[in-house]
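*Asks:* Each residue of the sequence shown is one higher than the one before, starting from 3 at the first, in my numbering.
Even glycine gets a Cβ: it sits at the ideal position worked out from N, Cα and C.
Owing to the predicted nature of the structure, the values given are computational and were not obtained by experimental measurement.
Before we start, here is the structure in question, set down as structure tokens.
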Amino acid sequence: MASTGLFFLSIPPNHPSPSALLISHISRSYPAELLPTFHLDHRLFVDTSSLLPNADTSRRQYTSILTLSQSPGTTYVGTTPPPAKEKTKANTQTTPGEPDKAAAASSDTTAKTALITIQSTQTDPISQLIGTKLQPLWAFRQSLVVDNGTSLALQHGEWIVRIGDLKTPTSRSGQQSTTSSNLRGMLVEVSFVGSSVIGPEHTNSTADADSSIQMNSAVGHDDETLIRGLLDSLLEGTGIQMVNSRALFRRTGAHSETGSKRDMNGNAKSETIPVDRDLARLYMDMLRTTR
Numbered sequence: 003m004a005s006t007g008l009f010f011l012s013i014p015p016n017h018p019s020p021s022a023l024l025i026s027h028i029s030r031s032y033p034a035e036l037l038p039t040f041h042l043d044h045r046l047f048v049d050t051s052s053l054l055p056n057a058d059t060s061r062r063q064y065t066s067i068l069t070l071s072q073s074p075g076t077t078y079v080g081t082t083p084p085p086a087k088e089k090t091k092a093n094t095q096t097t098p099g100e101p102d103k104a105a106a107a108s109s110d111t112t113a114k115t116a117l118i119t120i121q122s123t124q125t126d127p128i129s130q131l132i133g134t135k136l137q138p139l140w141a142f143r144q145s146l147v148v149d150n151g152t153s154l155a156l157q158h159g160e161w162i163v164r165i166g167d168l169k170t171p172t173s174r175s176g177q178q179s180t181t182s183s184n185l186r187g188m189l190v191e192v193s194f195v196g197s198s199v200i201g202p203e204h205t206n207s208t209a210d211a212d213s214s215i216q217m218n219s220a221v222g223h224d225d226e227t228l229i230r231g232l233l234d235s236l237l238e239g240t241g242i243q244m245v246n247s248r249a250l251f252r253r254t255g256a257h258s259e260t261g262s263k264r265d266m267n268g269n270a271k272s273e274t275i276p277v278d279r280d281l282a283r284l285y286m287d288m289l290r291t292t293r
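Printed below as a string of structure tokens:
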């Protein structure tokens, strides 16, 4: 598994992105191996009940449709669970001076986004299904894309860095404008795939295709410091300031699922599909709040 940090730097309207400067600086200053192009497509829907007058928006649910270049041919569809209702004081009495054990337990068992995977060729059909057939339940919120981003391997593959400009498509067809008017910000993913400290509870289990649900995906303080330190070193000398950026951290790792596709004769054939649910959740959590 890897320890991954995802950073989003918001860019004001009519300001250029610093991504080209950062990529050029890294390429000149470090022995970096160029990896396949980084791209993503994220489509967000919200539950219609949360849009009603006087609705409690803190209980809003989201459905995300996410395609990542890190999982070729695979698209993730995820729905957030409603926040757990707070228990009444009668059921959560605590001794004065003691911590609220019920609240602590609730925070430890927060449900994760429920995910399924589909073939990327089904992205548009399922988006249309949710936006039309399920329109009474879900309302389209926003679409965000990264096109032609850059992926680099550093220090003999111990680090993977992905950099891309996050934009809103100019139309539902996904066409991009060449101007910066639809530029929302710069995304930087930093993954440490070297000797991260991973305990036995983080080992990958093949017994459950979504074993990441059972494991603790939190990144330790040491790994978070390591990731921030690497990013700081990459930014040194560029003049790019990330102090106001938003950052999320998570343990990620490629899981494998057995899927089926049809060959030229129409016969079903099994193949291994690379999926990384923790990485998908990390991106969904970031992109849900990027407006």
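1. With respect to the alpha helix (DSSP H) encompassing Leu284, which residues constitute its N-terminal and C-terminal limits?
2. Are the segment 123-138 and the segment 28-36 touching, with three or more C-beta to C-beta distances below 8 angstroms?
3. Given Leu117, which residues of its chain have a CB within under 8 angstroms of its CB, disregarding the five upstream and five downstream residues?
4. Considering His223, what are the terminal residues of the alpha helix (DSSP H) in which it resides?
5. Can you grab the Cα-Cα spacing for the pair Leu154 / Gln130, in whole Å?
6. Between Glu226 and the rest of its own chain, which residues show a CB-CB distance below 8 angstroms, the 5 nearest in sequence each way excluded?
7. Is the number of C-beta pairs between the segment 144-164 and the segment 38-56 that are closer than 8 angstroms three or more?
8. Just to confirm, is the Cβ distance from Ile242 to Pro20 under 8 angstroms?
9. Any idea if Thr245 is buried or exposed, counting beta-carbon neighbours within 10 angstroms, 16 or more meaning buried?
10. Have a look at Arg253, Asn184, Gly255 and flag the residue whose alpha-carbon is nearest the alpha-carbon of Ile13.
11. If you draw a straight line from the alpha carbon of Val148 to that of Phe142, how long is it in whole angstroms?
12. Helix, strand or coil for Thr59, going by three-state DSSP, please let me know.
13. To the nearest whole angstrom, what separates the beta carbons of His47 and Gly187, a pair I think is in contact under 8 angstroms?
14. Could you check the C-alpha separation between Trp140 and His158 for me, to the nearest Å?
15. Using a threshold of 8 angstroms, state whether the C-beta atoms of Leu289 and Leu70 are closer than that.
16. For Glu191, count neighbouring Cβ atoms within 10 angstroms of its own Cβ and tell me buried if that reaches 16, exposed if not.
*Replies:* On the basis of the supplied data:
1. 279-290
2. Not touching, per the Cβ criterion.
3. Tyr78, Val79, Gly80, Asp212, Arg279, Ala282, Arg283
4. 223-237
5. 34 angstroms
6. Ser5, Gly7, Phe251
7. With the cut-off at 8 angstroms, the segment 144-164 and the segment 38-56 touch.
8. yes
9. Note on identity: in this sequence residue 245 is Val, with Thr being the wrong assignment. Answer is exposed; the Cβ neighbour count stays below 16.
10. Asn184
11. 19 angstroms
12. helix
13. His is not the amino acid found at residue 47; the sequence shown has Phe there. That pair is no contact at about 21 angstroms.
14. 45 angstroms
15. It is not a contact, given that the beta carbons lie outside the stated cut-off.
16. buried
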